[in-house]
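Read through the structure below, which is laid out as structure tokens, and then see the notes.
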Amino acid sequence: MGMENCTGRVALITGASRGLGANIARELAADGCHVALTARTIEPLDTLAREIETETGRTAIAVPGDVTSPGDRSGVVEQVAAVLGPVDILVNTAAIAKATPFTAEDPALPIATNLEAPMQLTRLVVPGMIERGFGRVLNIASLAGLAGLPHLVDYSASKAGLIAFSTALRAELRGTGVSTTVVSPGFIGDEGMYPAYETPVPWYLGTNASAIVARRAVRAMRRDRSEVIVNRLPLRALVVLGSMSDRAMRAMTRALGAEDYLRGLADRRLPYSDLVAVPR
219 MGMENCTGRV
229 ALITGASRGL
239 GANIARELAA
249 DGCHVALTAR
259 TIEPLDTLAR
269 EIETETGRTA
279 IAVPGDVTSP
289 GDRSGVVEQV
299 AAVLGPVDIL
309 VNTAAIAKAT
319 PFTAEDPALP
329 IATNLEAPMQ
339 LTRLVVPGMI
349 ERGFGRVLNI
359 ASLAGLAGLP
369 HLVDYSASKA
379 GLIAFSTALR
389 AELRGTGVST
399 TVVSPGFIGD
409 EGMYPAYETP
419 VPWYLGTNAS
429 AIVARRAVRA
439 MRRDRSEVIV
449 NRLPLRALVV
459 LGSMSDRAMR
469 AMTRALGAED
479 YLRGLADRRL
489 PYSDLVAVPR
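Under the numbering used here, the final residue of the sequence shown carries the number 498; numbering is consecutive throughout.
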């Protein structure tokens, strides 16, 4: 069942210090939510919290934490409950991505950040949601999780897992008043690893602005949609094509230059420390 608005609800947004996470927080606050912002760095969270309170009149708090740390995850949820009340809406945005050959990097960190952390945070808040008869979990995945992109193998696998987790949990929670929505954007040109590489995404691959993705993600959650793809052509069409023929999709991916583009990024071999955490 959809929501008319978020008035008075408490939303916890991970990866909220910049980009898509910050824009989702703005959208939710403008829709009436009180918002809790979490990421590893406190300064941008504090700045965003003040901005949101000034612009919307809703309460916004900054709660720093590392989503890969079990202690931090529990601490964030407990602090939000103590200050704002129990979490009604969880938005799993925090993620990391890096273009790299599969054998060059241990996949533990992207799996822990992009898949395990959302699952564990959801486990912390869903029991209370069920008890109260209402809750929403908004998971930000990626077209890479639907298509599987070379040189983004770890990332693709983690996002595919997040999509499966979200849809499976939605089915399990049916009838409880709690539901999940998973949103899969394509390339987001104004945040994430792409600015760090200083290599713009080619226009013909289609890019999105994080503010637009945020608006559509919140709208999908309010409408209680199960899965939503946010991307301009042609990548959106490639996903549909891939559901019918993987061979055809791979041929189109090569023809459009997506594989060459990602291979070029992978050849840069930038460390994770040089890349901005991305909510893709």
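All C-beta atoms in this analysis are idealised placements derived from N, C-alpha and C, irrespective of residue type, glycine included.
Counting only runs that start and end inside the segment 335-397, the beta strand (DSSP E) elements of at least 3 residues fall at 353-358.
Setting aside the 5 residues that flank it on each side, Ile270 is surrounded in the same chain by Ala243, Arg244, Ala247, Val253, Arg276, Ala278, each with a C-beta closer than 7 Å to its C-beta; the list follows chain order. The shortest C-alpha to C-alpha distance from Arg227 to any of Thr286, Arg440, Lys316, Thr318 is the one to Arg440. Boundaries of the alpha helix (DSSP H) harbouring Ala435: 428-440, taken from the DSSP string.
Under DSSP, the beta-bridge partners assigned to Thr232 are Thr256.
Annotated three-state conformation of Asn241 is helix, per DSSP.
Nearest C-alpha to Gly346 among Cys224, Leu308, Arg433, Pro368: Leu308. Counting only residues of its own chain and dropping the five nearest sequence neighbours on each side, Arg443 has a CB closer than 6 Å to the CB of Thr399.
Taking 8 Å as the upper bound for CB-CB distance, Val285 and Val343 are not in contact here, some 13 Å apart.
With fewer than 16 other Cβ atoms inside 10 Å of its own Cβ, Gly220 counts as exposed.
Taking the Cα positions, Lys377 is about 29 Å away from Thr265. For the beta strand (DSSP E) assignment, the uninterrupted runs of no fewer than 3 residues enclosed by the segment 266-318 are, from N- to C-terminal side, 278-280, 307-310.
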